[in-house]
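Under this note's numbering, the first residue of the sequence shown is numbered 11, with each subsequent residue one higher.
Yeah, the Cβ is synthetic: ideal placement off N, Cα and C, and Gly gets one too.
Being a predicted model, the structure only gives us computed values, none of them experimental.
Notes for the one structure printed next.
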Amino acid sequence: MDSISTNPPFDKAFKTLMEKTHREDEGFEENELVEIEECEVPVIDLSPLLKESNNSNDEEVREKCKSEIARACREWGFFHVVKHGISSEVLNGLRIEQEKVFKIPFDEKKKNKNSNFNFFSGSYRWGSPTATSIRQFSWSEAFHMPLAHITGSTTTGPNNTLTYRIEQFSCNAYNLAQTLAGILAEKIGQQKKSKFFRENCLPTTSYLRMNRYPPFAMASPSQVHGLIPHTDSCFLTILLHDQVRGLQLVKDGKWIAVKPTPHALTINIGDLFQAWSNDVYKSVEHRVVTNREMERFSIAYFFCPFDETVIESCSSEHQHSVYRRFSYREYRQKVQDDVHKFGTKIGLPNFLLHPS
Ligand SMILES: O=C(O)CCC(=O)C(=O)O
Ligand SMILES: [Fe+2]
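Set out below in structure tokens:
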């Protein structure tokens, strides 16, 4: 199978947008994507949380670990976790199936024609269909799927390993997400509300996105994004990515490159947690930059509530609500509308109670 039949027509889309961008004089600053520095985001060992023990020393270590998590979410919005309890058999198993599914001919991916993934109907996407300039174009393809379509799917079983691997990973990621969400609620004094996540986020309400970033050799890689800058529209994301660099995030107003950490998963806060925590935890803008030689893969598990769930900021005597109440359905609809209208997501600023 050659790359022509498996790859989407990126080159054509890129050239068309490049011409349009030049015609409309929307100059794309070449240096815009040059990273400023590579840095180490916090790496947190989760093993103390997985140990069942009432020993006071262990309790102390556990509390320290919880505080590190909350701190990383306040200061960075991003952190790596190691010894997280998800086995490498589960992670590698899914990664292998992910590579296979992207190797299916483009036409079959597009039409959902392949028997391996009829249940992913409508989940395949590539580039940026609404992009009007090169700035809004993502040099990547993805399967973005609601887990409601996968979990408990009748196609699960040894005959369909991709489905099986997705379900296996998602089940593990769900438990990890619930643990982290409970800790983050506790650390902003919302123990009483920690049930909120158990009641509103189920294995079936989350989403999974498998990304593939082909090498970009058409021009200088600094001319195009692998994935355009964005924040995630969920409570939190659990990201499995390989050792190929590309992920960058904004810290103190600057783009910095995230150094991959072996055997780690990367966690980031999404918009819903930022709103729910009343701006205590940060949903940080991030992006993926392209690479000339190497193909890159990642899998994002988005921990989400029911569409009907209402997100209300946890305000206090000292801190009034920053955002108005909104349902997850309303939030997603607004994101979609903005992408159609402006080619880009606006997100939380739409829901500020007192826009400046
Ligand atoms: O590929 C990555 O490292 C990031 C993916 C991502 O940000 C996303 O899928 O929302
Ligand atoms: Fe993301």
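Quick check on residue i: does DSSP put it in helix, strand or coil?
i: GLU47; result: strand
i: TRP265; result: strand
i: ALA274; result: coil
i: GLU303; result: coil
i: TRP136; result: strand
i: ALA227; result: coil
i: PHE283; result: helix
i: ILE106; result: helix
i: PHE316; result: coil
i: GLN258; result: strand
i: LEU363; result: coil
i: LEU212; result: coil
i: LYS344; result: helix
i: ASP68; result: helix
i: ASP21; result: helix
i: GLN146; result: helix
i: GLN200; result: coil
i: SER326; result: coil
i: GLY192; result: helix
i: ASP289; result: coil
i: GLU29; result: helix
i: SER131; result: coil
i: LYS205; result: helix
i: SER180; result: helix
i: LYS355; result: coil
Output needed for residue i: all residues of its chain with C-beta closer than 7 Å, excluding positions within five of it in sequence on either side, in chain order.
i: SER204; result: GLY192, ALA195, GLU196
i: GLN284; result: TYR291, LYS292, SER293, LEU358
i: ILE198; result: SER287, VAL290, CYS324
i: MET304; result: PRO225, VAL254
i: LYS120; result: TYR134
i: ARG72; result: PRO58, LEU59
i: VAL345; result: SER243, LYS355, GLY357
i: ARG302; result: PRO225, PHE226, ALA227, PRO231
i: LEU190; result: ILE79, LEU246, ILE277
Name the DSSP beta bridge partners of residue i, please?
i: ASP55; result: VAL92
i: GLN233; result: None, per the DSSP bridge assignment.
i: PRO10; result: A question about residue 10 goes unanswered here, because the residues of the chain that appear run from 11 up to 366.
i: SER308; result: ASN221, HIS251
i: HIS240; result: HIS296
i: GLU151; result: TRP136, ARG222
i: PHE336; result: ILE321
i: LEU246; result: ILE279, PHE313
Does the distance from the C-beta atom of residue i to that of residue j stay below 8 Å?
i: ALA310; j: THR247; result: yes
i: PHE245; j: CYS314; result: yes
i: ILE279; j: LYS269; result: no
i: THR300; j: PHE226; result: yes
i: VAL332; j: LEU363; result: yes
i: PRO239; j: GLN253; result: no
i: SER243; j: ARG342; result: yes
i: MET220; j: GLN329; result: no
i: ASP348; j: THR354; result: yes
i: LEU336; j: ASN210; result: Rather than Leu, the amino acid found at residue 336 in this sequence is Phe. No. Outside cutoff.
i: LEU157; j: LEU218; result: yes
i: LEU259; j: HIS296; result: yes
i: ILE266; j: GLU47; result: yes
i: THR31; j: SER143; result: yes
i: ARG175; j: GLY103; result: yes
i: ASP21; j: MET155; result: no
i: ASP68; j: LYS61; result: yes
i: LYS93; j: LEU56; result: yes
i: PHE88; j: SER216; result: no
i: ILE160; j: THR173; result: yes
i: LYS261; j: TRP149; result: no
Can you list, in chain order, the residues of its chain whose CB lies under 6 Å from that of residue i, leaving out five sequence neighbours each side?
i: ARG222; result: PHE112, GLU151, PHE307
i: GLY132; result: none
i: GLU78; result: ILE54
i: GLY37; result: Bear in mind that a pLDDT of 49 at GLY37, under 50, signals an unreliable position, so the number given afterwards is only what the model happens to contain. For GLY37, where only same-chain residues beyond five positions count, there are no Cβ hits under 6 Å.
i: PRO18; result: PHE116, TRP136, GLU151
Below 8 Å CB to CB, which residues in the same chain sit around residue i once its five sequence neighbours on both sides are set aside?
i: ILE96; result: PHE179, ASN182, ALA183, LEU186, LEU275
i: THR164; result: Per-residue confidence for THR164 stands at a pLDDT of 49, beneath the threshold of 50, marking its modelled position as unreliable; the derived number appears in the next sentence. Closer than 8 Å at the Cβ level, and outside the excluded window around THR164, lies no residue.
i: PHE147; result: ALA23, PHE24, LEU27, GLY137, SER138, ALA141, VAL234, HIS235, ILE238
i: HIS90; result: VAL51, PRO52, VAL53, ILE54, THR271, ALA274, LEU275, THR276, ILE277
i: GLU318; result: SER337, TYR338, ARG339
i: LYS76; result: LEU59, ILE193, GLU196, LYS197
i: PRO365; result: PRO359
Residues near ligand 1, criterion Cβ-heavy atom distance below 6 Å: ARG219, ASN221, LEU237, ASP242, LEU249, HIS251, LEU257, HIS296, VAL298, SER308, ALA310
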